[in-house]
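Remarks on the structure that follows.
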Amino acid sequence: GFKRDKGGILYTRTYTVENRIPVKLEAADASVDFEFGDTGAGKSYYRAAFTGKYRFSNPNDAPARMQFTFPLPEGSGTLSDFEMSINGKRLEQADLEAGYIWAGSVDAKARLEVVVKYRNQGAKTWSYRFGTRREPIKDFKLRIASPRSVSYLRGSLYPTNQTGALEW
């Protein structure tokens with residue numbers, strides 16, 4: 319509010335500063351199953367079924383407001399059957415234009431497990447990118463089952479196991 323005093327008008331306001339400190343994922347376990355089809359006009363497409371399980375904790379001794387962001391694959395074509403749950407509680411569908419963002423209060427030292435599922439159909443590429451930061455994840459697993467051989471985009475990380483399904 320504004321206050322008038324002998325020196326003129328004084329304006330005061332209160333504001334809250336929100337600090338965001340990234341919390342490392344403890345585990346990421348994702349799998350994708352691909353199917354392929356042909357349009358009949360010499361062009362092919364893929365159908366992907368994705369399931370990802372992610373675990374993180376509030377490391378603080380007090381409750382904290384936390385945020386979990388799940389980016390969808392860029393240029394991934396048509397998306398359907400999107401589901402996200404936290405500790406078994408299914409979340410409401412949201413606008414997925416920029417991926418899914420969940421925010422909420424997490425009890426001190428509490429552990430959360432996020433499960434994400436979706437299907438999509440595309441024509442060119444599919445990529446897995448979790449977040450924008452490069453950091454170690456204590457327990458990371460990615461499995462891709464594909465009836466066709468896989469081509470890797472420039473800068474891709476190659477699988478650590480290629481017998482049967484591709485695994486990282």
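Going by the working numbering, the letters in the sequence shown line up with residues 319 to 486, in that order.
Glycine residues also receive a C-beta, built at the ideal position from the N, C-alpha and C atoms.
Small disclaimer: the values here were computed from a predicted structure and weren't measured.
Range covered by the beta strand (DSSP E) that runs through residue i
{"i": "Asn438", "result": "429–440"}
{"i": "Asp457", "result": "457–463"}
{"i": "Tyr329", "result": "326–329"}
{"i": "Arg322", "result": "320–323"}
Among the options, the one whose alpha carbon lies nearest that of residue i
{"i": "Gly370", "options": "Lys459, Glu415, Pro477, Leu475", "result": "Lys459"}
{"i": "Tyr364", "options": "Ser375, Tyr372, Phe354", "result": "Phe354"}
{"i": "Ser464", "options": "Gly319, Arg322, Phe368", "result": "Phe368"}
{"i": "Thr478", "options": "Ile462, Lys324, Ala359", "result": "Ile462"}
{"i": "Val396", "options": "Asp356, Ile404, Ala366", "result": "At residue 396 the sequence reads Thr, which differs from the Val that was named. Answer by Cα proximity: Ala366."}
Cβ separation of residue i and residue j, assumed to be a contact under 8 Å, to the nearest whole Å
{"i": "Asp263", "j": "Ala426", "result": "There is no way to answer for residue 263, as the model of the chain reaches only from 319 to 486."}
{"i": "Leu409", "j": "Leu390", "result": "Wrong, their Cβ atoms sit about 15 Å apart, outside the cutoff."}
{"i": "Asp432", "j": "Phe386", "result": "At residue 432 the sequence reads Val, which differs from the Asp that was named. Their Cβ separation, rounded to whole angstroms, is 6 Å, which keeps Val432 and Phe386 in contact under 8 Å."}
{"i": "Val434", "j": "Phe388", "result": "5 Å"}
{"i": "Ala421", "j": "Arg383", "result": "7 Å"}
{"i": "Pro381", "j": "Ser423", "result": "5 Å"}
{"i": "Asn438", "j": "Ser474", "result": "Rounded, the Cβ-Cβ distance is 19 Å, inconsistent with contact."}
Cross-strand partners of residue i (DSSP beta bridge)
{"i": "Gln385", "result": "Ala421"}
{"i": "Lys407", "result": "Ile404"}
{"i": "Asn479", "result": "Glu485"}
{"i": "Thr369", "result": "Ser349, Lys435"}
{"i": "Gly355", "result": "Tyr363"}
{"i": "Ser375", "result": "Arg429"}
{"i": "Thr396", "result": "Gln439"}
{"i": "Glu415", "result": "Gly417"}
Taking 8 Å as the threshold, find out whether the segment 472–482 comes into contact with the segment 336–352 through three or more Cβ pairs.
no
Segment contact flag, the segment 436–450 with the segment 327–339, C-beta cutoff 8 Å, min 3 pairs:
no
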